[in-house]
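For the sequence shown, our numbering begins at 1032 and goes up steadily by one. No residue lacks a Cβ here, since even glycine has one placed at the ideal position from N, Cα and C. This one's a predicted model, so the numbers in the text were calculated from it and none came from an experiment.
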Amino acid sequence: MIRKLNRVVQDFLRPIRLSIGRKLWDRKNEKHTELLKDKKVDMSRVKSILFLRYDGKIGDMVINTLMFREIQKRYPEIKIGVVSRGAATDIIKFNPHVNKIYNYKKGKESELANELAKENYDVLVDFSEMLRVNQMKFINLCKAKVNVGLDKSDWKLFDISYKKDYSKHITDMYKNILSLFGIENPDLSYEIHTGIVVKDEIRRRLRELGNPESFVVLNPYAASKHRSFNKEKILEISCKILKESKSMLIFIGEPSKKSEIEEIIEVLGDRDRVKYPTLSGILEVVELIKHADYVITPDTSIVHIGVAEKLPMTAVYRLDTGDNNSVVWGPNSPLVKQVFSSDVPAVGEEADINKFDVKEIGV
1032 MIRKLNRVVQ
1042 DFLRPIRLSI
1052 GRKLWDRKNE
1062 KHTELLKDKK
1072 VDMSRVKSIL
1082 FLRYDGKIGD
1092 MVINTLMFRE
1102 IQKRYPEIKI
1112 GVVSRGAATD
1122 IIKFNPHVNK
1132 IYNYKKGKES
1142 ELANELAKEN
1152 YDVLVDFSEM
1162 LRVNQMKFIN
1172 LCKAKVNVGL
1182 DKSDWKLFDI
1192 SYKKDYSKHI
1202 TDMYKNILSL
1212 FGIENPDLSY
1222 EIHTGIVVKD
1232 EIRRRLRELG
1242 NPESFVVLNP
1252 YAASKHRSFN
1262 KEKILEISCK
1272 ILKESKSMLI
1282 FIGEPSKKSE
1292 IEEIIEVLGD
1302 RDRVKYPTLS
1312 GILEVVELIK
1322 HADYVITPDT
1332 SIVHIGVAEK
1342 LPMTAVYRLD
1352 TGDNNSVVWG
1362 PNSPLVKQVF
1372 SSDVPAVGEE
1382 ADINKFDVKE
1392 IGV
């Protein structure tokens, strides 16, 4: 009851906070029209671009890698900086097309923005659909010469606005942004560089597992319990894999899920074919997936990682509820089979992703 009341209060206060924040920060003291040409960026005058990925979303960062590569392919001298946080930072840790990574910490936004202002970035690109007050402030204080934002045509803080077509995959939006930089017909594939140490570590782990000839990676968990497989569904999928293939089954999941996964392995009983290796960080997950023959997951970040590695997969989604999520954030790959839960939630409730037939799962 208290939580629900708090949500109502926050929903009431949010537009008020945003309105006040916009009055404070939606301004730009200096316009650099010399960097603009025909409502696009004049790249002949640009030396640096800063991308804001302060949401910390791994899957978004994976897809973003196409932009870094395509920009430096066309303009190899351009400096690319990325503001990131959490595990998403590891996705670009070894990326040869990212020159500098800045760690975004809540409560330390002003310090970082002042540091960025001293670096005199020519262009700043933001991907937020709705800016929170601290994000408005951050962008303002970065003092980039040209700010590019999503649906920000009525903002003074932004010099160029781009749109997002919710009937198309997210890469279409990135393609539109690249066109603002004079890049047409870009390669829309993603790439993740893991580094020599991680590669060696996963080779060692696979040797410990007996160097399986083939294996299926099962990632049962997503960001919320409503988007994660329950224990019964995990067992169903596992039994199907063990019955219909000769592959080893390798579970991946956060350490907090270790107890549940160990219980499932105990029930399955085949410890020679079912494994749950200890992995340290998202790059070890990426490198393990690179060696897999098939991946099954309800988590979009794992989907995008698998697509980056051009792997066959089954990706499980909830039914779209007007947001076209399975299209916008779908796999966008002929190698991936999409399976949909049939659950239709009541108003105000979350759909359960487990309402699908395991027969639809590929192996």
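Could you tell me how far apart the beta carbons of residue i and residue j are, in whole angstroms, since I believe they sit closer than 8 Å?
i     : j     : result
N1363 : T1202 : 6 Å
M1344 : V1370 : At roughly 10 Å, the Cβ-Cβ gap does not stay under 8 Å, so M1344 and V1370 are not in contact.
L1211 : V1072 : 6 Å
I1122 : V1093 : 6 Å
K1230 : E1318 : 6 Å
L1310 : S1269 : The Cβ separation is near 19 Å, so there is no contact.
V1179 : L1147 : Going by Cβ atoms, the distance from V1179 to L1147 rounds to 15 Å, so no, they are not a contact pair.
A1323 : V1247 : 7 Å
G1361 : H1257 : At roughly 19 Å, the Cβ-Cβ gap does not stay under 8 Å, so G1361 and H1257 are not in contact.
I1214 : R1105 : 5 Å
Can residue i and residue j be called in contact, C-beta distance under 9 Å?
i     : j     : result
V1316 : I1333 : yes
I1283 : N1250 : yes
M1279 : R1304 : yes
I1191 : L1067 : yes
L1350 : L1366 : no
P1329 : I1384 : yes
D1157 : I1170 : yes
M1204 : Y1221 : no
D1057 : L1188 : yes
V1197 : D1354 : It should be pointed out that residue 1197 corresponds to Tyr in this sequence rather than to Val. In this structure, D1354 lies closer than 9 Å to Y1197 by Cβ.
D1388 : A1382 : no
I1392 : K1195 : no
Relative to the C-alpha of residue i, which candidate in the options has its C-alpha closest?
i     : options                       : result
F1125 : D1042, G1226 and L1209        : G1226
G1274 : K1390, V1072, V1338 and G1241 : Here residue 1274 turns out to be Lys, not Gly, going by the sequence shown. The shortest C-alpha separation from K1274 is found at K1390.
A1254 : K1071, L1081, I1089 and V1077 : I1089
E1297 : I1320, I1265, L1314 and S1311 : I1265
V1113 : L1299, K1131 and E1065        : K1131
I1313 : I1336, H1322 and F1099        : I1336
E1101 : N1207, D1091, P1217 and D1073 : P1217
K1070 : V1228, I1272, N1207 and R1302 : N1207
V1129 : I1109, K1137 and D1354        : I1109
L1181 : T1096, M1161 and Q1166        : M1161
S1079 : K1137, S1115 and V1177        : V1177
V1378 : T1352, N1356, A1118 and S1372 : T1352
K973  : D1091, S1373, K1054 and A1346 : Examination of residue 973 is not possible in this model, given that the chain is present from 1032 through 1394 alone.
L1097 : E1293, N1037, V1338 and V1164 : V1338
K1289 : E1065, K1262, D1301 and K1271 : K1262
Y1252 : P1243, D1301, T1331 and S1184 : T1331
E1144 : F1099, F1260, C1173 and K1386 : The amino acid occupying residue 1144 in the given sequence is Ala; Glu does not appear at that position. The shortest Cα separation from A1144 among F1099, F1260, C1173 and K1386 belongs to C1173.
K1306 : I1047, G1241 and S1276        : G1241
E1140 : N1165, I1233, K1149 and P1243 : N1165
I1047 : E1267, S1276, S1115 and R1163 : R1163
K1149 : S1372, L1081 and M1074        : L1081
E1244 : D1301, E1285 and I1281        : I1281
S1115 : N1134, Y1106, R1105 and F1099 : N1134
D1185 : K1059, I1233 and I1295        : K1059
Q1103 : V1347, P1127 and D1042        : P1127
S1292 : K1386, E1065, I1111 and F1260 : What sits at residue 1292 in the sequence shown is Ile, not Ser. The option with the nearest alpha carbon to I1292 is F1260.
D1301 : N1151, E1142, E1061 and K1277 : K1277
H1063 : R1038, G1117, N1151 and F1099 : N1151
Over the uninterrupted beta strand (DSSP E) stretch that includes residue i, give me the two end residues.
i     : result
L1164 : For the sequence presented, residue 1164 should be read as Val rather than Leu. That residue, V1164, is in no beta strand (DSSP E); its alpha helix (DSSP H) goes V1164 to C1173.
L1081 : S1079 to L1083
K1110 : K1110 to S1115
K1131 : K1131 to N1134
N1145 : Per DSSP, N1145 belongs to no beta strand (DSSP E); it is in the alpha helix (DSSP H), E1140 to K1149.
L1181 : V1177 to L1181
Check whether the Cβ of residue i lies closer than 8 Å to any heavy atom of the ligand SAM, and answer yes or no.
i     : result
D1091 : As presented, the structure is devoid of all ligands, the ligand SAM included, so that no description of it is given.
Give the range of the alpha helix (DSSP H) segment to which residue i is assigned.
i     : result
Y1205 : I1201 to L1211
L1314 : I1313 to H1322
I1191 : No alpha helix (DSSP H) holds I1191; the beta strand (DSSP E) holding it covers I1191 to Y1193.
A1118 : Here A1118 belongs to no alpha helix (DSSP H), and DSSP marks it neither H nor E.
D1157 : Careful: D1157 lies outside any alpha helix (DSSP H), inside the beta strand (DSSP E) at V1154 to D1157.
L1188 : No alpha helix (DSSP H) holds L1188; DSSP gives it neither H nor E.
E1101 : I1089 to R1105
Problem set entry | Start-end ranges of the alpha helix (DSSP H) lying completely within the stretch 1250-1332, minimum 4 residues | 1262-1275, 1289-1299 and 1313-1322
Exercise. If you scan the stretch 1220-1248 from start to end, which runs of the alpha helix (DSSP H) of 4 or more residues do you find wholly inside it?
Worked result: 1227-1239
Exercise. Which runs of the alpha helix (DSSP H) fall wholly inside the stretch 1324-1380 and span at least 4 residues, in chain order?
Worked result: 1331-1339 and 1356-1359
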